[in-house]
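Before any comments, here is the structure.
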Amino acid sequence: AQISDLTSEIKRLNDLMKDQQEVSKAQVDNLSSENKISKDEEAKLSAANDKLTTDITTLQNTLEQQNKQLAHSKQQNNDLAQQNNDLIQHNNDLTQQNTLLKVQNNELSLFTQEQSPQATIASDTEAELTAEIDRLRLRETELTEEVKRLNDQRLEELMGVKR
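This note's numbering numbers the first residue of the sequence shown as 4 and each following residue consecutively.
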């Protein structure tokens, strides 16, 4: 909209300049031909015409620069919109991954609940087996001591016979 407004303003100013130039030229021609204008006044009109031309050129250059800046801003806006779309897609992907992880977590929780009684039984069995192993080790120690005592006693008896 700004570009259109500025373009319309430039056209209006160009038309105004052309009209002014035609009027100025006609005035110069009329006055010069009738010798009603002095050379100083003709120079002033020419200078005013030159100034108007310069002002219009400056305005056109300013408008071109603003058009370039606007185009650059539009490109930046498009780039940001694309980045925003990429972030939205990434967020959607993460949401989907999160949902899958929740499902897997629920499945694992159900599996753990199903395995819990078996784990308790296994734990109880392990405790019973550990207690039995400890009892057997103690019995082994007792038997080892008994064998040693009997060996020592037998050795004493044999040594007593030899004496």
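Ideal Cβ placement from N, Cα and C applies to all residues, glycine included.
Proximal residues to residue i (C-beta, below 6 Å), its chain only, five neighbours per side dropped
{"i": "Glu12", "result": "none"}
Same chain, Cβ closer than 7 Å to residue i, neighbours up to 5 away in sequence not counted
{"i": "Asn70", "result": "Ile6"}
{"i": "Met20", "result": "Leu55, Thr56, Ile59"}
Reference residue i; option with closest CA among the options
{"i": "Gln68", "options": "Asn80, Lys14, Gln92, Thr10", "result": "Thr10"}
Nonlocal neighbours in the same chain, by C-beta distance under 8 Å from residue i, ignoring five residues either side
{"i": "Ala51", "result": "Ser27"}
| said: Assess contact between the region 84-91 and the region 20-33, defined as three or more Cβ pairs (one per stretch) separated by less than 8 Å. Is contact present? | reply: no
| query | Quick one: any contact between the region 46-58 and the region 94-110, if contact means 3 or more CB pairs under 8 Å? | reply | no
| Should the region 95-104 be regarded as contacting the region 57-68, the criterion being three or more beta carbon pairs within less than 8 Å? | No, because fewer than three Cβ pairs between the region 95-104 and the region 57-68 fall closer than 8 Å, the two stretches do not touch.
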